[in-house]
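Here it is as structure tokens:
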């Protein structure tokens, strides 16, 4: 009697994406970045991430009520670092670590993508940065 | 007046920090009222106002993560470190390979201590309306003779003296001397805790706040601390003696220990504003690495 054929079901995981950003064709490097981000996000202490490209942005944060606040903070931090870098001749900004009383965020650019990872203060942000770079 | 004192003290603290950290290019402090305090030799003066406004708006947005504690911006050439200290922000430009741990250790020890001392000074000035005059670092030899009523007062005596100064309308000279006493020894403790063997010294002796570096080893003598050669040389010049062989190490909790003084024997630790204290002495003083202590030279007794 022939063995029953296994049924393969493919599930497309829908990423949370802000509705105002158009979805575009993603190059493989961006896709692999998303895979890395999803892997990191599942780890304890990681609160979420924001990826901003020239034409799109995606946000994946555990607490959806804070998405706007996190997005505003991320944008402000990136803007401030660019401004300070220009004022004080820091050169190209490699990474930014912003630490608050409750959490910290890691920001850096990878190609045209601006990454922001939100995490608890106990998380080793250097390891996260190394893994995503 | 209080703002002026604050700014001068913070400016001096920044200059001191800069001289002890070679990788620190510049620094300024952004106070909670928007004032920018900087050291005199700051090369980035024109950009500070712009940076201050950027950081203030970032701090507002950072409420999402519980307020802005610190920020590190790593650039290809240099980096900027912003840290929150008592509702103020210290903004520092560091070399790319700067030792951030060392920088944090120093700033987290020095600035809060300066602010704490300033708080106590300004609060006492609020009670005593006599005008503040900066204390001379060292006045020798005319004022070297000790004034018995001012020597080593206990904290309770200090408070009593302050009250008496207000109530009894003493002469300006005495008031000024008491202010000097407060500034030099902000947290004097009871005489019981001071080593019995410690001789009373004139208050005008030079002294310096230094950062504790603990060390240990088989050949380490527990009664010998190590100091920068420049400090020992300066003291010996000021005191007009050949060598400063002994120093009093005083903690801000009031504990004092008299130790022999030697020059720091590790070239890497020279010129960093450190006092290297053996482990046992650290235990008896109850100080840890990175804390601030006041070190005063002991004047050798005249042998004639």
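Chains as they are written, first to last, in the numbering used here: chain X, 38 to 170; chain L, -1 to 302.
Note that beta-carbon positions come from the ideal geometry of N, C-alpha and C, so glycine has one too.
This structure is a prediction, so every number in the text was calculated from the model and none was measured.
**Message:** Would residue 86 of chain X and residue 152 of chain X qualify as a contact pair, given that the criterion is a beta-carbon distance under 8 Å?
**Reply:** As a first step, residue 86 of chain X must be located in the first chain, where it is residue number 49. As a first step, residue 152 of chain X must be located in the first chain, where it is residue number 115. Against a cut-off of 8 Å, the Cβ pair of residue 152 of chain X and residue 86 of chain X comes out as a contact.
**Of the listed residues L:282, L:281, L:278, L:260, nearest to residue 272 of chain L (C-alpha basis)** = Here the question's residue 272 of chain L lines up with position 274 in the second chain. Nearest C-alpha to residue 272 of chain L: L:260.
**Request:** Report the three-state DSSP secondary structure of residue 149 of chain X (helix, strand or coil).
**Result:** Translated into positions along the first chain, residue 149 of chain X becomes position 112. Note: residue 149 of chain X maps to coil in three-state DSSP.
**Message:** Just checking: is the beta-carbon of residue 128 of chain X within a distance shorter than 8 Å of some beta-carbon in chain L?
**Reply:** As a working mapping, residue 128 of chain X is identified with position 91 in the first chain. Taking Cβ atoms only, chain L reaches closer than 8 Å to residue 128 of chain X, which makes this a yes.
**Message:** Strictly by DSSP, which residues pair up with residue 68 of chain L?
**Reply:** The residue you call residue 68 of chain L lines up with position 70 of the second chain. Paired residue(s): X:136, L:81.
**Request:** Pull up the CB-CB distance for residue 125 of chain X and residue 140 of chain X, whole angstroms please, since I reckon it's below 8 Å.
**Result:** Within the first chain, numbered from 1, the residue matching residue 125 of chain X stands at position 88. Within the first chain, numbered from 1, the residue matching residue 140 of chain X stands at position 103. Incorrect: roughly 26 Å between the Cβ atoms, too far for contact.
**Asked** Who are the Cβ neighbours of residue 232 of chain L in its own chain at under 6 Å, not counting the five residues just before and after it?
**Response** Start at 1 with the first residue of the second chain, and residue 232 of chain L comes out as number 234. None.
**Prompt:** Is DSSP giving residue 3 of chain L helix, strand or coil here?
**Reply:** The count along the second chain starts at 1 and reaches residue 3 of chain L at position 5. Residue state, collapsed to three classes: helix.
**Prompt:** Taking Cβ positions only, does residue 88 of chain X come closer than 8 Å to chain L?
**Reply:** Counting from one through the first chain, the residue named residue 88 of chain X turns up at place 51. No, no contact with chain L.
**Request:** Can you check the stretch 226 to 255 of chain L for any alpha helix (DSSP H) of at least 4 residues that lies completely inside it and give the ranges in chain order?
**Result:** Runs of alpha helix (DSSP H) with 4 or more residues, each lying fully within the stretch 226 to 255 of chain L, are found at 227 to 237, listed in chain order.
**residue 77 of chain X - DSSP class collapsed to helix/strand/coil** = On the first chain, position 40 is the one that residue 77 of chain X refers to. Reduced to three states, the DSSP call for residue 77 of chain X is helix.
**Message:** Helix, strand or coil for residue 113 of chain X? Go by DSSP, reduced to three states.
**Reply:** Counted from its first residue, the first chain places residue 113 of chain X at position 76. Per DSSP, reduced to three states, the secondary structure at residue 113 of chain X is helical.
**Message:** Between L:206, L:243, L:223, L:208, which has its C-alpha nearest residue 214 of chain L's C-alpha?
**Reply:** Taking the first residue of the second chain as 1, we reach residue 214 of chain L at position 216. Selected option, being the one with the closest Cα: L:223.
**Item:** In DSSP terms, what residue 92 of chain L is bridged to
**Value:** If you number the second chain from 1, residue 92 of chain L lands on position 94. Paired residues: L:22, L:77.
**Message:** Any contact between the stretch 236 to 244 of chain L and the stretch 286 to 293 of chain L? By contact I mean 3 or more CB pairs, one from each, below 8 Å.
**Reply:** no
**Request:** Starting from residue 106 of chain L, find everything on chain X with Cβ-Cβ shorter than 9 Å and list it in chain order.
**Result:** As a position in the second chain, residue 106 of chain L is number 108, starting the count at 1. Those within 9 Å of residue 106 of chain L in chain X number zero; the least Cβ separation is about 14 Å.
**Asked** Looking at the C-beta of residue 7 of chain L, does it have a partner C-beta in chain X at a distance below 8 Å?
**Response** Residue 7 of chain L sits at position 9 when you count from the first residue of the second chain. No, because no Cβ of chain X sits closer than 8 Å to the Cβ of residue 7 of chain L.
**Asked** Is the stretch 68 to 76 of chain L touching the stretch 86 to 100 of chain L, taking contact as three or more C-beta pairs under 8 Å?
**Response** yes
**Item:** residue 126 of chain X - DSSP class collapsed to helix/strand/coil
**Value:** Here residue 126 of chain X corresponds to residue number 89 of the first chain, with the count starting at 1. Correct three-state label for residue 126 of chain X: coil.
**Item:** residue 77 of chain L: contacting residues in chain X (beta-carbon distance under 8 Å)
**Value:** If you number the second chain from 1, residue 77 of chain L lands on position 79. In chain order: 127.
**Prompt:** Under 8 Å between the Cβ atoms of residue 108 of chain L and residue 3 of chain L?
**Reply:** On the second chain, position 110 is the one that residue 108 of chain L refers to. On the second chain, position 5 is the one that residue 3 of chain L refers to. Against a cut-off of 8 Å, the Cβ pair of residue 3 of chain L and residue 108 of chain L comes out as no contact.
**Prompt:** Do residue 81 of chain L and residue 120 of chain X have their CB atoms nearer than 8 Å?
**Reply:** In the second chain, counting from the first residue as 1, residue 81 of chain L sits at position 83. In the first chain, counting from the first residue as 1, residue 120 of chain X sits at position 83. Taking 8 Å as the Cβ cut-off, residue 81 of chain L and residue 120 of chain X do not qualify as a contacting pair.
**Prompt:** Given that residue 133 of chain X touches chain L, what residues does it touch there, using C-beta distances under 9 Å?
**Reply:** Position 96 of the first chain, counting from 1, holds the residue named residue 133 of chain X. Under the 9 Å cutoff, chain L gives 69, 70, 71, 72.
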